[in-house]
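Protein chains in written order, with the numbering used here: chain E, 116 to 434; chain D, 116 to 434. Quick reminder that beta carbons are idealized off the backbone N, C-alpha and C, glycines included. Working notes, beginning with the structure itself.
Protein chains: 2
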Amino acid sequence: MKITVLSGGVGGARFTRGLLALVGTEHQVTVIANTGDDMWLHGVRVCPDLDTLMYTLGGAVHEEQGWGRRGETRRVSDELAGYDLGWDWFTLGDLDLATHLARTELLRDGLPLSQVTARLAARWRPGVTLLPMTDDEVETHVLLDDGREIHFEEWWVRHRATLPARGFVQTNIATATPAPGVLSALSDADVVVVPPSNPVVSVGTILAIPGVRDALTSTDAPVVGVSPVVGGAPVRGMADACLTAIGVETTALAVAQHYGRRADGGILDAWLVDEVDAPAAAVLRGVGWASRAVPALMTDVPTAARIAADALSLVDRRP
Amino acid sequence: MKITVLSGGVGGARFTRGLLALVGTEHQVTVIANTGDDMWLHGVRVCPDLDTLMYTLGGAVHEEQGWGRRGETRRVSDELAGYDLGWDWFTLGDLDLATHLARTELLRDGLPLSQVTARLAARWRPGVTLLPMTDDEVETHVLLDDGREIHFEEWWVRHRATLPARGFVQTNIATATPAPGVLSALSDADVVVVPPSNPVVSVGTILAIPGVRDALTSTDAPVVGVSPVVGGAPVRGMADACLTAIGVETTALAVAQHYGRRADGGILDAWLVDEVDAPAAAVLRGVGWASRAVPALMTDVPTAARIAADALSLVDRRP
Numbered sequence: 116m117k118i119t120v121l122s123g124g125v126g127g128a129r130f131t132r133g134l135l136a137l138v139g140t141e142h143q144v145t146v147i148a149n150t151g152d153d154m155w156l157h158g159v160r161v162c163p164d165l166d167t168l169m170y171t172l173g174g175a176v177h178e179e180q181g182w183g184r185r186g187e188t189r190r191v192s193d194e195l196a197g198y199d200l201g202w203d204w205f206t207l208g209d210l211d212l213a214t215h216l217a218r219t220e221l222l223r224d225g226l227p228l229s230q231v232t233a234r235l236a237a238r239w240r241p242g243v244t245l246l247p248m249t250d251d252e253v254e255t256h257v258l259l260d261d262g263r264e265i266h267f268e269e270w271w272v273r274h275r276a277t278l279p280a281r282g283f284v285q286t287n288i289a290t291a292t293p294a295p296g297v298l299s300a301l302s303d304a305d306v307v308v309v310p311p312s313n314p315v316v317s318v319g320t321i322l323a324i325p326g327v328r329d330a331l332t333s334t335d336a337p338v339v340g341v342s343p344v345v346g347g348a349p350v351r352g353m354a355d356a357c358l359t360a361i362g363v364e365t366t367a368l369a370v371a372q373h374y375g376r377r378a379d380g381g382i383l384d385a386w387l388v389d390e391v392d393a394p395a396a397a398v399l400r401g402v403g404w405a406s407r408a409v410p411a412l413m414t415d416v417p418t419a420a421r422i423a424a425d426a427l428s429l430v431d432r433r434p
Numbered sequence: 116m117k118i119t120v121l122s123g124g125v126g127g128a129r130f131t132r133g134l135l136a137l138v139g140t141e142h143q144v145t146v147i148a149n150t151g152d153d154m155w156l157h158g159v160r161v162c163p164d165l166d167t168l169m170y171t172l173g174g175a176v177h178e179e180q181g182w183g184r185r186g187e188t189r190r191v192s193d194e195l196a197g198y199d200l201g202w203d204w205f206t207l208g209d210l211d212l213a214t215h216l217a218r219t220e221l222l223r224d225g226l227p228l229s230q231v232t233a234r235l236a237a238r239w240r241p242g243v244t245l246l247p248m249t250d251d252e253v254e255t256h257v258l259l260d261d262g263r264e265i266h267f268e269e270w271w272v273r274h275r276a277t278l279p280a281r282g283f284v285q286t287n288i289a290t291a292t293p294a295p296g297v298l299s300a301l302s303d304a305d306v307v308v309v310p311p312s313n314p315v316v317s318v319g320t321i322l323a324i325p326g327v328r329d330a331l332t333s334t335d336a337p338v339v340g341v342s343p344v345v346g347g348a349p350v351r352g353m354a355d356a357c358l359t360a361i362g363v364e365t366t367a368l369a370v371a372q373h374y375g376r377r378a379d380g381g382i383l384d385a386w387l388v389d390e391v392d393a394p395a396a397a398v399l400r401g402v403g404w405a406s407r408a409v410p411a412l413m414t415d416v417p418t419a420a421r422i423a424a425d426a427l428s429l430v431d432r433r434p
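Next up, the structure:
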């Protein structure tokens with residue numbers, strides 16, 4: 116079975132780890148990762164979601180934190196602060212920095228990000244085909260209420276998503292193209308999964324790459340999503356601030372409606388919600404969705420595997 | 116008094132540190148540094164001679180090693196080796212890497228190397244005006260006997276200068292221009308010093324920048340050199356391999372003749388040699404040079420200061 120996942124960072128990585136535990140190696144899993152959070156920092160290319168996926172699936176992630184490396188240190192960052200260049204709110208861990216340096220070297224050698232990612236992933240053996248959504252430099256910027264436009268990471272990490280925002284834009288999005296393998300991973304899939312990633316700045320950014328939404332609406336594979344919102348709050352992170360910025364309520368129902376049902380021009384066929392959101396599942400079923408409420412908090416790998424099984428069974432895809 | 120020094124790495128840095136101890140802060144010292152050893156490594160810009168000067172004059176150098184940072188560690192380098200990208204023979208220390216990252220960020224922001232160097236040096240307060248020879252990317256390559264052309268650092272660090280070479284070339288040298296301040300530092304100087312740096316790949320590379328040699332031959336300031344060769348061997352490093360490659364004997368006399376006397380179209384007026392090379396000084400005096408033999412091994416800062424005093428007095432410039 117070919118399974119394709121559209122993923123942001125921590126939530127998508129933990130879901131995919133559960134999915135792999137469920138389906139094993141005889142199935143072919145492709146992860147299309149958001150790269151809108153990427154940035155050039157101190158001259159090196161940082162790709163937060165790709166790295167979170169690589170470290171999580173490769174067994175090297177800082178488990179409690181959800182991103183970055185286990186046993187990380189900050190010797191370079193501490194020293195760099197001595198030069199007083201700014202961006203001191205974004206710390207580059209020493210181990211993580213090695214990844215950024217390797218990536219930057221390969222990019223500067225002229226390799227596209229997709230090939231660079233394959234080279235880096237070869238070390239971590241994530242058990243999936245890991246694809247950036249695009250080889251182009253697309254970066255998510257936040258449009259602030261005060262008129263400024265800042266990089267998403269600055270809003271997210273530095274300001275903890277507290278600066279009032281009225282929307283998001285992706286730089287270079289009009290001319291961006293999906294990375295090699297992205298569209299075929301959608302058209303050839305047996306099932307496509309939208310994991311509990313940020314619907315706005317993770318999945319939403321992937322969907323904004325020209326061609327991706329069409330590939331999703333036209334694929335023969337069913338598309339099932341897992342709600343990142345449980346009981347009116349994001350499972351993790353500050354997705355509520357992103358949803359609010361684009362005028363979507365932070366509820367499992369509103370996010371499903373934001374994605375939309377494929378039969379109605381959206382991208383999903385099915386929506387898995389947490390048991391506390393059973394009423395939302397009922398509403399969705401009433402208007403033709405496949406939907407079900409299950410315990411959907413990914414507390415550990417076996418739980419994530421069970422949630423993945425629930426998602427697949429919702430569209431009759433059992434490994 | 117305005118003193119300008121044409122410097123490579125360790126030898127020039129230690130000499131300049133002695134010079135500063137001698138002349139104090141009421142004199143104005145400008146160091147024009149070789150940047151031919153610079154390279155892009157893992158996507159960051161490494162400038163070995165500028166950094167050795169900055170760390171040595173800023174009191175942060177690894178004293179025994181002569182270059183790099185005191186208390187250096189290799190956490191990033193060790194981790195980077197896991198990606199197996201090659202160049203593992205050139206280790207980036209963690210503290211040193213912070214400098215490269217800061218430099219790379221500023222370069223990528225569009226600042227020329229001379230301004231970047233001023234920004235970095237502001238942290239280290241080297242007590243001199245530190246100038247790269249050029250803002251252009253000029254890199255010294257080694258022409259090997261087997262026909263290959265490799266970066267100087269690969270020849271020097273990886274192969275310990277043991278691969279037979281038949282010469283050196285500087286990339287982009289024809290179109291390179293001296294960095295802002297370089298030519299005026301030579302024309303306006305009260306004295307110019309060529310410290311015991313590598314005559315071929317350090318001082319020779321600076322001299323190859325169009326305009327620098329002319330500025331030296333035409334300045335009103337006397338130009339005094341200190342021999343990097345003592346008793347037929349380089350004081351430090353493998354300068355003999357460089358001299359051999361260009362057909363110059365590794366003797367204090369041959370190096371002086373290679374630089375040449377300004378009255379004969381060369382760049383020097385005076386040449387300070389070690390006491391073991393007293394015969395060379397006598398030969399040079401016989402053909403019109405100012406030359407003197409003194410204990411010229413820079414064993415510590417006071418000794419380097421005394422050697423600097425001897426060099427200045429050879430051209431009647433006493434602080």
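C-beta neighbour in chain E for residue i, strict 8 Å
i                 : result
His266 of chain D : no
His157 of chain D : yes
Ala217 of chain D : yes
Gly197 of chain D : yes
Asp209 of chain D : yes
Val231 of chain D : no
Leu235 of chain D : yes
Glu141 of chain D : no
Glu194 of chain D : yes
Val272 of chain D : no
Beta bridge counterpart(s) of residue i as assigned by DSSP
i                 : result
Ala348 of chain E : E:Val345
Thr255 of chain D : D:Gln285
Trp155 of chain E : E:Arg160
Ile265 of chain E : E:Val257
Ala405 of chain E : E:Ala385
Ile147 of chain D : D:Leu121, D:Leu246
Gly340 of chain E : E:Val309, E:Trp386
Short CB-CB distance (under 8 Å) between residue i and chain D
i                 : result
Tyr170 of chain E : no
Asp250 of chain E : no
Arg238 of chain E : yes
Glu269 of chain E : no
Val257 of chain E : no
Glu254 of chain E : no
Ala213 of chain E : yes
Val161 of chain E : no
Val176 of chain E : no
Thr188 of chain E : yes
Leu226 of chain E : no
Leu200 of chain E : yes
Arg223 of chain E : yes
Val363 of chain E : no
Glu220 of chain E : yes
Val191 of chain E : yes
Euclidean distance between Cα positions of residue i and residue j
i                 : j                 : result
Leu429 of chain D : Gly201 of chain D : 48 Å
Gly123 of chain D : Trp239 of chain E : 41 Å
Arg184 of chain D : Val125 of chain E : 37 Å
Met248 of chain E : Gln230 of chain E : 12 Å
Glu179 of chain D : Cys357 of chain E : 54 Å
Ile422 of chain E : Phe267 of chain E : 29 Å
Ser406 of chain D : Asp203 of chain D : 44 Å
Glu194 of chain D : Leu210 of chain E : 6 Å
Ala411 of chain E : Gly347 of chain E : 14 Å
Pro349 of chain E : Tyr198 of chain E : 37 Å
Option nearest residue i by Cα separation, candidates the options
i                 : options                                : result
Pro434 of chain D : D:Gly124, D:Gly123, D:Leu135           : D:Leu135
Val284 of chain D : D:Val144, D:His142, D:Gly151, D:Thr145 : D:Gly151
Cys162 of chain D : D:Leu226, D:Arg273, D:Thr214           : D:Thr214
Leu226 of chain D : D:Trp204, D:Asp251, D:Thr119           : D:Asp251
Arg132 of chain D : D:Ala424, D:Asp431, D:Arg432           : D:Ala424
Ala291 of chain E : E:Leu228, E:Ile118, E:His177           : E:Leu228
Exercise for review: Specify whether the region 248 to 260 of chain E and the region 279 to 286 of chain E touch according to this definition: at least 3 beta carbon pairs, one from each stretch, less than 8 Å apart.
Suggested key: yes
Review point. So, do the region 384 to 403 of chain E and the region 338 to 353 of chain E have three or more beta carbon pairs nearer to each other than 8 Å?
Key: yes
**Study point:** Touch test, the region 137 to 149 of chain D against the region 357 to 375 of chain E, Cβ-Cβ under 8 Å, three pairs minimum
**Key:** Fewer than three pairs of CB atoms, one per stretch, sit closer than 8 Å, so the region 137 to 149 of chain D makes no contact with the region 357 to 375 of chain E.
Exercise for review: Could you tell me whether the region 156 to 174 of chain D touches the region 214 to 223 of chain E, where touching means 3 or more Cβ pairs closer than 8 Å?
Suggested key: Flag = yes, the region 156 to 174 of chain D and the region 214 to 223 of chain E touch.
Exercise for review: Please determine if the region 325 to 337 of chain E and the region 299 to 307 of chain E are in contact, where contact requires at least 3 C-beta pairs separated by less than 8 Å.
Suggested key: yes
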